[in-house]
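Written below as structure tokens is the structure these notes are about.
2 protein chains.
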Amino acid sequence: MPTPEKTSFSRIVAAGRDLLEAGGQQGLTMQNVAERVGVRAPSLYKHVGNRAALLAAVAEATVDDLVARLESTDGSIEGLARGYRQFAQAWPEGFRLMFSAGAPPEALARVAAPVLHASRQLVGERDALEAARLVTAWAAGFIKMELAGAFRLGGDVDRAFEYGLVGIRRALAGDH
Amino acid sequence: MPTPEKTSFSRIVAAGRDLLEAGGQQGLTMQNVAERVGVRAPSLYKHVGNRAALLAAVAEATVDDLVARLESTDGSIEGLARGYRQFAQAWPEGFRLMFSAGAPPEALARVAAPVLHASRQLVGERDALEAARLVTAWAAGFIKMELAGAFRLGGDVDRAFEYGLVGIRRALAGDH
DNA sequence: CCATCGTAGCTAATTATGTTAGCTATCGAC
DNA sequence: GTCGATAGCTAACATAATTAGCTACGATGG
Numbered sequence: 009m010p011t012p013e014k015t016s017f018s019r020i021v022a023a024g025r026d027l028l029e030a031g032g033q034q035g036l037t038m039q040n041v042a043e044r045v046g047v048r049a050p051s052l053y054k055h056v057g058n059r060a061a062l063l064a065a066v067a068e069a070t071v072d073d074l075v076a077r078l079e080s081t082d083g084s085i086e087g088l089a090r091g092y093r094q095f096a097q098a099w100p101e102g103f104r105l106m107f108s109a110g111a112p113p114e115a116l117a118r119v120a121a122p123v124l125h126a127s128r129q130l131v132g133e134r135d136a137l138e139a140a141r142l143v144t145a146w147a148a149g150f151i152k153m154e155l156a157g158a159f160r161l162g163g164d165v166d167r168a169f170e171y172g173l174v175g176i177r178r179a180l181a182g183d184h
Numbered sequence: 009m010p011t012p013e014k015t016s017f018s019r020i021v022a023a024g025r026d027l028l029e030a031g032g033q034q035g036l037t038m039q040n041v042a043e044r045v046g047v048r049a050p051s052l053y054k055h056v057g058n059r060a061a062l063l064a065a066v067a068e069a070t071v072d073d074l075v076a077r078l079e080s081t082d083g084s085i086e087g088l089a090r091g092y093r094q095f096a097q098a099w100p101e102g103f104r105l106m107f108s109a110g111a112p113p114e115a116l117a118r119v120a121a122p123v124l125h126a127s128r129q130l131v132g133e134r135d136a137l138e139a140a141r142l143v144t145a146w147a148a149g150f151i152k153m154e155l156a157g158a159f160r161l162g163g164d165v166d167r168a169f170e171y172g173l174v175g176i177r178r179a180l181a182g183d184h
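Chains as they are written, first to last, in my numbering: chain A, 9 to 184; chain B, 9 to 184.
So this is what it looks like as structure tokens:
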């Protein structure tokens, strides 16, 4: 190595995640990241390519965490859905980024795997993909609406989530 | 009025919508909007406040169109969901904006109304709000994943949508 | 032990964009 | 016909991303 490295790719990504949660995508500027890791902004380009690549890396790191969170559940539809939601509440900006920014498709596939597995158990091989898409769409949609503040019309959001979960199970129950 | 107006709020919003669909949020710059309506960028501020306000106005106009589209359906869960999806495919960027940008909560409520009505018919007053949230979350989630290209793992997306629709109806059927 | 080479970081500069300040010209009201 | 309000304009500024080119340091090979 030349001049001793004052930072590294992984530190930069970590700083990016912090800033993202603290100030949204707007707060994640190259300047802010640089300041946080202790270099000047142009030096980041020795490690990162550009801001879009950094966002993608942040998204991918977030996916990794989400996958770990899902793997720590009991693998049931309910467990996965609740884990999904808890993760989104803990890392709301990262969760948003996963879908908006160019998260590598490969990464999204990793998130899908546990849901696909659970669906296969429930409805069999033939409809597993469609069932997984039903579950994932509902969970992702619910959570994003919750994060977007679209549930301001009163009612208990937790209750709505559990109600939906019961409905989703019923949707898949009488199937195969 | 002073100096004859060369543009107007509604023209600016219309230009914003065009640019949004053509080039995403990135393509919607004040410069581009100004050029399209035939003035210089700073003149836009005589009509619009700032870019965020313009995005909000574009979002609201999009909501208006969506509501009109939904009101032209038969009002069933299936009709609403398909209308929702068709609208999103016709105006993908506007659809995305509706949730991401600061769409006025009042506007989102207007979209919710037809779904709420259909849900009430199906499950009764007590659970109508929860049921509507189930339907809306699934549809919005499905469509956003479709737009995000999250369905690259093979399978027929249309079939998955119809499968989901059957499931959602079953979820609400055995309820009340 | 020294010469060399590759590279992380730096400063300076460029570009793009949003936004503000201040001027001007024109239209409607009196 | 004069006057006031204001849409649009040019010029300027702030912030951000990014590029160009330099520098210094440390690993490596003689």
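We put the beta carbon where it would ideally sit given N, CA and C, even for glycine. Note that the coordinates shown come from a computational prediction; the quantities given were computed from them, not determined experimentally.
Asked	Found
For a test of the three-state rule: what should DSSP assign to aspartate 73 of chain A, helix, strand or coil?	helix
DSSP three-state call for glutamate 101 of chain B: helix, strand or coil?	helix
When the Cα of valine 165 of chain B is compared with those of B/Phe107, B/Gly132, B/Arg93, which residue comes out closest?	B/Arg93
Could you list which residues in chain B have their beta carbon closer than 8 Å to that of glutamate 138 of chain A, in chain order?	Gly163, Arg167, Ala168, Tyr171, Gly172
In chain order, what residues of the region 9-39 of chain B put their CB closer than 7 Å to some CB of chain A?	none
Using a Cβ-Cβ cut-off of 7 Å (strictly less than) and excluding sequence neighbours within five positions of methionine 153 of chain B, which residues of its own chain qualify?	Phe159
Assess contact between the region 37-50 of chain B and the region 76-91 of chain B, defined as three or more Cβ pairs (one per stretch) separated by less than 8 Å. Is contact present?	no
Rank A/Ala69, A/Leu36, A/Trp99, A/Phe95 by C-alpha distance to the C-alpha of serine 80 of chain A and give the top, closest one.	A/Phe95
Among the candidates A/Phe107, A/Ile176, A/Phe103, whose CA atom is the shortest distance from the CA of glycine 172 of chain B?	A/Ile176
Skipping 5 residues on each side, what residues in its chain have a beta carbon closer than 6 Å to that of proline 100 of chain A?	Leu155
Starting from the Cα of glutamine 34 of chain B, find the closest Cα among B/Ala60, B/Arg128, B/Ser51 and give me that residue.	B/Ala60
Indicate the three-state DSSP secondary structure (helix, strand or coil) for aspartate 26 of chain A in the structure shown.	helix
Hey, quick one: how far does the alpha helix (DSSP H) through asparagine 40 of chain B stretch, first residue to last?	38-45
How close, in whole Å, do the beta carbons of glycine 157 of chain B and proline 50 of chain A come, if the pair is a contact with beta carbons under 8 Å?	In fact, because the Cβ distance is near 33 Å, the residues do not count as touching under 8 Å.
Count the CB pairs spanning the region 12-24 of chain B and the region 56-76 of chain B that are closer than 8 Å, and state whether there are at least three.	yes
Which chain A residues are close to arginine 59 of chain B, counting only those with a beta carbon under 8 Å from its beta carbon?	By Cβ distance, chain A contributes nothing, its closest Cβ being about 12 Å from arginine 59 of chain B, past 8 Å.
Does the beta carbon of glycine 157 of chain B sit closer than 8 Å to a beta carbon anywhere in chain A?	yes
Show which residues of chain A have a CB atom less than 9 Å away from the CB atom of lysine 152 of chain B.	Phe107, Ala145, Ala148, Gly149, Lys152
Shorter than 7 Å, the distance from the beta carbon of glycine 87 of chain B to the closest heavy atom of the ligand ZN, or not?	Only the bare structure without any ligand can be found here, which leaves the ligand ZN out of the picture.
Reducing DSSP to helix, strand and coil, say where valine 132 of chain A ends up.	Reading the sequence as shown, one finds glycine at residue 132 of chain A and not valine. In this structure, glycine 132 of chain A counts as coil in the three-state DSSP scheme.
Can you give me the start and stop residues for the alpha helix (DSSP H) that glycine 157 of chain A sits inside?	Counting along the chain, glycine 157 of chain A falls outside any alpha helix (DSSP H), and DSSP gives it neither H nor E.
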